[in-house]
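Numbering (the numbering used here), first residue to last: 80 to 183. Encoded as structure tokens, the structure appears first; notes follow it.
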Amino acid sequence: MKKVLVALVIVMGLGFSVAKADEPLKKKSPKVEQRDSREDFTPIEVNNLPEAVIDELSCEGALIKEAFIAYSRSEGKLYKVIILSSDFHEQAVFLNERGNILNR
């Protein structure tokens with residue numbers, strides 16, 4: 080009787096290990112790095128910002144701390160401007176060369 084139980088336990092153990100091995104492995108898809116043109120900003124002088132960009136930011140009452148520029152095929156020149164709000168919090172604002180805010 081002991082031999083039958085031991086054999087049964089061994090067979091069940093092997094059966095579970097085979098069943099476990101049959102589970103499909105989840106393949107990790109390789110991460111595709113998408114480089115956005117907004118990552119390629121180069122610093123520029125605040126004096127070199129277009130008037131439309133400066134006018135848009137002055138309407139909001141913000142102080143310009145830093146300015147960056149990037150070139151995009153779809154949108155032309157993109158500007159990343161670091162501003163200081165009235166309560167001195169830094170915020171990055173993205174604008175096109177016509178002064179339109181793209182996102183916050």
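For every residue, glycine included, the Cβ atom is placed at its ideal position computed from N, Cα and C.
query                                                                                                   : result
Pairwise C-alpha distance: Y158 and S116                                                                : Residue placement at S116 is flagged as unreliable, the pLDDT there being 42, under the threshold of 50; the coordinate-derived value follows with that caveat. Answer to the nearest angstrom: the Cα atoms are 11 angstroms apart.
Cβ-Cβ distance between A131 and I162 below 7 angstroms                                                  : no
Length of the line joining the Cα atoms of E154 and I143                                                : 22 angstroms
Which listed residue (M80, Y150, N179, M91) has its alpha carbon closest to that of C138                : N179
Per DSSP, cross-strand counterpart(s) of N126                                                           : Note: N126 sits in no beta bridge, so no partner.
Three-state class that DSSP yields for S164 in the structure shown                                      : coil
Buried versus exposed call for V125 [16 or more other C-beta atoms within 10 Å across all chains shown] : exposed
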